[in-house]
Every structure is written in structure tokens, then in C-alpha cells.
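Take a look at the structure below.
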Amino acid sequence: MSLRKLSESQWNLLMAHYGEPETREQWGGTVPNSFEAASANAARAAARTGCFAVDDAAGGWRARRLTVTGMGRDTARDAIRMAEAGEPLPKAIRRALAAHEPGLVLADPDPKIRLDALKHMGMLTDGRLDSFLDDPDPTVRLELVDHTPDDRLHVFGKETDPGVLTKLEYRAPGWIADRAVRLFETGSPDAAWLVLRYGRPDAALLRRIVESGLADRACWSLYAPDAAARDGSDRPTLTEKDIRLLLEHGDPDMVGSYLSGWMPDDDPRRERLTETLYDHWAEHGSAGLLERLSLSVEKEMFTPRRVDMILERGSGAATLARLGDGLSSAQVDMLLAYADAHAMDVLYRRRRHGGYTPRQLRLLAAGSPDARRAMREAAGLLARLCSDPTDPDGLGAILATLG
Numbered sequence: 367m368s369l370r371k372l373s374e375s376q377w378n379l380l381m382a383h384y385g386e387p388e389t390r391e392q393w394g395g396t397v398p399n400s401f402e403a404a405s406a407n408a409a410r411a412a413a414r415t416g417c418f419a420v421d422d423a424a425g426g427w428r429a430r431r432l433t434v435t436g437m438g439r440d441t442a443r444d445a446i447r448m449a450e451a452g453e454p455l456p457k458a459i460r461r462a463l464a465a466h467e468p469g470l471v472l473a474d475p476d477p478k479i480r481l482d483a484l485k486h487m488g489m490l491t492d493g494r495l496d497s498f499l500d501d502p503d504p505t506v507r508l509e510l511v512d513h514t515p516d517d518r519l520h521v522f523g524k525e526t527d528p529g530v531l532t533k534l535e536y537r538a539p540g541w542i543a544d545r546a547v548r549l550f551e552t553g554s555p556d557a558a559w560l561v562l563r564y565g566r567p568d569a570a571l572l573r574r575i576v577e578s579g580l581a582d583r584a585c586w587s588l589y590a591p592d593a594a595a596r597d598g599s600d601r602p603t604l605t606e607k608d609i610r611l612l613l614e615h616g617d618p619d620m621v622g623s624y625l626s627g628w629m630p631d632d633d634p635r636r637e638r639l640t641e642t643l644y645d646h647w648a649e650h651g652s653a654g655l656l657e658r659l660s661l662s663v664e665k666e667m668f669t670p671r672r673v674d675m676i677l678e679r680g681s682g683a684a685t686l687a688r689l690g691d692g693l694s695s696a697q698v699d700m701l702l703a704y705a706d707a708h709a710m711d712v713l714y715r716r717r718r719h720g721g722y723t724p725r726q727l728r729l730l731a732a733g734s735p736d737a738r739r740a741m742r743e744a745a746g747l748l749a750r751l752c753s754d755p756t757d758p759d760g761l762g763a764i765l766a767t768l769g
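Heads up: the sequence shown begins at 367 in our numbering, then just goes up one per residue.
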């Protein structure tokens, strides 16, 4: 069966209006049941297909109101019969069906059409639910939540996508709490965060999440000793052992949150920042952690001994480079052995009085664009100064005087 050639917008109009009555009652009389096209030109183009007729009474040559002709109704029904029979249809028709007859294209091979059809569906039956539950695209499953009856939400029992889980929690409060342990045991950081945020974990589960290191910042921000007091909840809080373990993990976001704000001398947060912890961070901390520490506790953290510990394992080059003149010549040698171009640029800009050995200058010239540019400018200036021995302000005159 062949169908008339319509544009996508024309198919959309046809599927939206083919089933409407031909006339309607208005102001005590009967008038054509017309609808508006996008413009007068669009109305005339649609009429040329034979599937629509222009309602001339509604504006003359500027008319943009259309009615569906008998041919149009037959064409729409033919397209629907072909979809029901599983016959191939052009994408334009399938898109129009997704908006107006979505049940016909729920199994469409195009995922975008399938998702659009799902958006236009009401609540789904079990058979149709099952066909979407295993869809690899979480966007489809996210939409599916809106079309699942309350008494069938349990079909999402194996769901792990954080977006879908969050929507399930809003749809059925307590969803995550009922499955908190299983979600945590998936080993997903997103799942651990959701359990902390919505799952109301008890002290035992909270300890397991702390030990896992999956969501350190959320552990601190939601379960710090003063967090429950702030919002008046009765949820468990972190023990001193938990907090020490979180700090030892060295997650940059968690440590940054811990160090944020003013810390007076008697603040318990300051008391936990021991020399042993600083040594642990120097020995194991990531480059991101070292960067965060440099913003808050640079003086306490970056002692010469700890800088040597960090240099020996080749970490935090850009952070250490900002110490500039605080680095010894030996430490500069160690830093240049693994620093990238950015770190070398930082070192060159920050180290103004410590000086460099010839070898360090060669390494900087090879690796730092800033240093290389400055050295070229210096060489050019020196050449100009030496080129005119008679210049009273020039180096050439000085050298000539010195003989």
C-alpha cells in the first residue's frame, strides 16, 4: 500500500485531527470543524496534497484554517493499518504516530521515536512495562516511572541508575530506604550518595559507607556531629573514629568541606589535624588533595620534610611549584624531574629570589613556555646592549671601558 507524500508537519496535523467531526455547532449554526496551520502559506501547501481543504471563509487569501478531507481521513487510517500490521513506514509518519497514536510505535526501532511515544502514553499494562524495563537507555526508564501504576512500581526493584532511583523516591517516598543495603552493595558512588541522602541508614550501615570511601563528602556534610543538631533530626552521626577514617581517605571534596569556614583554636576540627595526619597526607595524598590543603593549611602541611616526602613520590607538582622561594635548590631539582609545563611555568613565576643552577635553567627553558619566552627576551636585550659600544647606557660601553 502506498501513501500520499506529506511533510512531517502535515502528517502531524493529519494525525492530530483526522478523527474529529467534520462540523461543529457555533453561534447557533453549523460551521466546518477547522484548525489553524502554522501560516497561510503552510495552509495552501497542505491543501495541495488533497488531504486538507482551506476554510476560505476564515480569511480569504490569508486564510490559515484547514479541515481534513475524506481523502485525508482515508490516508490517516491507511497509515494506522500499516503500523498495526508492522509494515515499514517513513520516519515522518512514525513521529506523528508517536505523538497521536503512541501505542502503535512503542516498539519502534528508533529509540527517539520510542521515547516520544512513551511520553504520550498514559499508565502502561504489565506487558508493555516489561518491554521497557530492560531498555539500556536510562532516559527511557526515567520516563517509564511516570507511566507505571503505583501498585506496579516494584518492577523497578533491580534499578541502579541514580536519576531513575531519585525519581522513584519522589514518586514513592521511602523507596530508597527500603532498598538501602542492596543499593549500597552495588558499589556505586552514586548509589551510596542516594542512600545517605534518602535512605536513612542506621549506624551500622553508615559505618559501612564510611569504610567503603564511596561518598566521603556526603558522609561529612550530612552526618557530621553538628549536622543532626542543625536540622533537628534523629539520624545517627559520625563517630570520632569515622571522622578520622574519612580524613585519612583524603578525598579532596570531603577535606575541602571539612576545612571550609573559620576554625577557632578550640574548634574540634582543628584538633583532629594532627602531625600524624599531615604525614599521612604527605605520603598518600592525591594531587587534588594537596591542592586543596595548600588553600587552607599550607604553613602546617608543607614543611620541608613533608615537601621531600611528596617530591619523592612525584605528586602535586603545580602545588609545590607555588611554594617558589620556599623550595631549596635540591627540592627544585626533584620537582623539575617530573613537573609538566604548567608546573614549570608556576615555579618560574613564583621563584624570584632563590635562584637557579645552570642545569635548572636549561630544564626550565626546555619545559616552561614562560621561562623560554623570558630568556629569549633577555638574550635579545643583551644583544642590543652589546651591539653599540658607544651607547653610554649600554652594556657594550661598560664592557669596552672594562677593556
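For every residue, glycine included, the Cβ atom is placed at its ideal position computed from N, Cα and C. Remember, it's a predicted structure, so these values are computed and weren't measured experimentally.
Practice task
Mark S753 as exposed unless 16 or more other C-beta atoms lie within 10 angstroms of its C-beta, in which case mark it buried.
Solution key: Numbered from its first residue, the sequence shown carries residue 753 at position 387. Answer is exposed; the Cβ neighbour count stays below 16.
Problem - Closest Cα partner of A584 within the set R563, A569, A570, S497 - result: One-based indexing of the sequence shown puts residue 584 at position 218. The shortest C-alpha separation from A584 is found at R563.
Problem - For V576 and L625, believed in contact at Cβ under 8 Å, the rounded distance - result: Reading the sequence shown from its first residue, position 259 is the one you call residue 625. Reading the sequence shown from its first residue, position 210 is the one you call residue 576. Wrong, their Cβ atoms sit about 19 Å apart, outside the cutoff.
Practice task
Could you check if G438 is buried or exposed, using at least 16 other CB atoms within 10 Å of its CB as the buried criterion?
Solution key: Counted from its first residue, the sequence shown places residue 438 at position 72. G438 comes out buried.
Handout entry: Integer-rounded CB distance, given that L510 should sit under 8 Å from L549
Key = Here residue 549 is taken as the residue at index 183 of the sequence shown, counted from 1. Here residue 510 is taken as the residue at index 144 of the sequence shown, counted from 1. Actually they do not touch by this definition, with Cβ atoms about 19 Å apart.
Exercise for the section: Say whether the stretch 410-424 touches the stretch 373-386, bearing in mind that this needs 3 or more beta-carbon pairs closer than 8 Å, one atom from each stretch. Expected result: yes
Handout entry: Close beta carbons around K533, own chain, < 7 Å, minus the five adjacent residues each side
Key = The count along the sequence shown starts at 1 and reaches residue 533 at position 167. Counting only Cβ-Cβ distances below 7 Å, and skipping sequence neighbours, we find L508, V511.
Problem - Stretch pair the stretch 536-545 + the stretch 554-571: three plus CB contacts closer than 8 Å - result: yes
Handout entry: Stretch pair the stretch 388-405 + the stretch 469-488: three plus CB contacts closer than 8 Å
Key = no
Practice task
Assuming M489 and P468 form a contact by the criterion Cβ under 8 Å, report the distance between their Cβ atoms to the nearest whole angstrom.
Solution key: For the purposes of this step, residue 489 is taken as residue 123 along the sequence shown, with counting starting at 1. For the purposes of this step, residue 468 is taken as residue 102 along the sequence shown, with counting starting at 1. M489 to P468, Cβ: 13 Å. No contact.
Exercise for the section: Answer with buried or exposed for S734, where buried requires no fewer than 16 other C-beta atoms within 10 angstroms of its C-beta. Expected result: Looking up residue 734 in the sequence shown gives position 368. With 16 or more other Cβ atoms within 10 Å, it is buried.
Handout entry: For G438, three-class secondary structure by DSSP
Key = Here the question's residue 438 lines up with position 72 in the sequence shown. Reduced to three states, the DSSP call for G438 is helix.
Practice task
Could you name the residues that DSSP lists as bridge partners for V397?
Solution key: Here residue 397 corresponds to residue number 31 of the sequence shown, with the count starting at 1. Paired residues: R390.
Problem - Continuous alpha helix (DSSP H) stretch holding V511: start and end - result: Working through the sequence shown from its first residue, we reach residue 511 at position 145. Note, V511: alpha helix (DSSP H), 504-511.
Problem - Euclidean distance between Cα positions of S481 and E664 - result: The residue labelled residue 481 in the question sits at position 115 within the sequence shown. The residue labelled residue 664 in the question sits at position 298 within the sequence shown. In the sequence as presented, Ser is not what sits at residue 481; that position holds Leu. Spanning the two alpha carbons is a distance of roughly 52 Å.
Practice task
Would you grab the beta carbon distance between V673 and Q697 for me? Rounded to a whole angstrom, and I think it's under 8 Å.
Solution key: For the purposes of this step, residue 673 is taken as residue 307 along the sequence shown, with counting starting at 1. For the purposes of this step, residue 697 is taken as residue 331 along the sequence shown, with counting starting at 1. Going by Cβ atoms, the distance from V673 to Q697 rounds to 6 Å, so yes, they are a contact pair.
Handout entry: Nearest candidate by alpha-carbon position, reference A356, set D592, E386, F401
Key = Nothing can be reported for residue 356, as the shown portion of the chain is limited to 367 through 769.
Exercise for the section: Please report how far the alpha carbon of L774 lies from the alpha carbon of M700, in whole angstroms. Expected result: The shown model of the chain, from 367 to 769, leaves out residue 774, and the question about it has no answer.
Practice task
Just grab the DSSP bridge partners of F418 for me.
Solution key: The count along the sequence shown starts at 1 and reaches residue 418 at position 52. Answer is V434, bridged to F418.
Exercise for the section: Would you check if the distance between the CB atom of V530 and the CB atom of P504 is smaller than 8 Å? Expected result: Position 164 of the sequence shown, counted from the start, is the residue given in the question as residue 530. Position 138 of the sequence shown, counted from the start, is the residue given in the question as residue 504. Yes, Cβ-Cβ distance for V530 and P504 is below 8 Å.
Exercise for the section: Please find out if some non-hydrogen atom of the ligand MG comes closer than 7 Å to the beta-carbon of H646. Expected result: Of ligands this structure carries none, so the ligand MG is not represented either.
Exercise for the section: Using three-state DSSP, classify D467 as helix, strand or coil. Expected result: Residue mapping note: residue 467 aligns to position 101 of the sequence shown, counting from 1. Note that residue 467 corresponds to Glu in the displayed sequence, not to Asp. If DSSP states are grouped into helix, strand and coil, E467 belongs with coil.
Handout entry: Distance, A451 Cα to A458 Cα
Key = Start at 1 with the first residue of the sequence shown, and residue 458 comes out as number 92. Start at 1 with the first residue of the sequence shown, and residue 451 comes out as number 85. A458 and A451: Cα-Cα distance of roughly 18 Å.
Problem - Terminal residues of the alpha helix (DSSP H) in which F550 lies - result: To locate residue 550, count along the sequence shown from 1; it is residue 184. Looking at the DSSP string, the run of the alpha helix (DSSP H) that includes F550 is 546-550.
Practice task
Count the other C-beta atoms from every protein chain shown that fall within 10 angstroms of the C-beta of R460, then say buried if there are 16 or more, exposed otherwise.
Solution key: Residue numbering aside, residue 460 sits at position 94 when the sequence shown is read from its first letter. When all chains shown are included, R460 counts as buried.
Handout entry: Spatial neighbours of H719 in its chain, beta-carbon cut-off 7 Å, leaving aside the 5 residues before and after
Key = For this step, residue 719 is matched to residue 353 along the sequence shown. Excluding positions up to five away in sequence, the list reads D691.
Practice task
Could you tell me the boundaries of the alpha helix (DSSP H) in which G654 lies?
Solution key: Indexing the sequence shown from 1 puts residue 654 at position 288. First-last of the alpha helix (DSSP H) with G654: 653-662.
Practice task
Work out the CA separation of A593 and H466 for me, nearest whole Å.
Solution key: Position 100 of the sequence shown, counted from the start, is the residue given in the question as residue 466. Position 227 of the sequence shown, counted from the start, is the residue given in the question as residue 593. Computed Cα separation, rounded: 50 Å.
Exercise for the section: Assuming P602 contacts A569 (C-beta within less than 8 Å), just tell me the rounded distance between them. Expected result: Numbered from its first residue, the sequence shown carries residue 602 at position 236. Numbered from its first residue, the sequence shown carries residue 569 at position 203. Sure, about 4 Å apart at Cβ, within 8 Å.
Problem - G616 beta carbon less than 8 Å from that of W647 - result: Position 281 of the sequence shown, counted from the first residue, corresponds to residue 647. Position 250 of the sequence shown, counted from the first residue, corresponds to residue 616. Against a cut-off of 8 Å, the Cβ pair of G616 and W647 comes out as a contact.
Practice task
Using only alpha-carbon positions, find the residue among N407, F418, A408 that is nearest to S400.
Solution key: Taking the first residue of the sequence shown as 1, we reach residue 400 at position 34. Among N407, F418, A408, the Cα nearest to that of S400 belongs to F418.
Handout entry: Neighbour flag for R431 against chain D, beta carbons, 8 Å
Key = The structure shown contains no chain D, having only a single protein chain.
Exercise for the section: Would you please state the rounded distance, in angstroms, between the beta carbons of G682 and A653? I believe it to be under 8 Å. Expected result: Position 316 of the sequence shown, counted from the start, is the residue given in the question as residue 682. Position 287 of the sequence shown, counted from the start, is the residue given in the question as residue 653. Going by Cβ atoms, the distance from G682 to A653 rounds to 5 Å, so yes, they are a contact pair.
Practice task
Taking the CB atoms as reference points, tell me whether D687 and A703 lie closer together than 8 Å.
Solution key: By 1-based counting over the sequence shown, the position of residue 687 is 321. By 1-based counting over the sequence shown, the position of residue 703 is 337. Looking at the sequence itself, residue 687 is Ala, so the reference to Asp does not match. Against a cut-off of 8 Å, the Cβ pair of A703 and A687 comes out as no contact.
Handout entry: Close beta carbons around Q726, own chain, < 8 Å, minus the five adjacent residues each side
Key = The residue labelled residue 726 in the question sits at position 360 within the sequence shown. Same-chain partners within the cutoff: S695, V698, D699, L702.
Handout entry: Those residues which DSSP pairs with E402 across a bridge
Key = Residue numbering aside, residue 402 sits at position 36 when the sequence shown is read from its first letter. In DSSP, E402 forms a bridge with R431.
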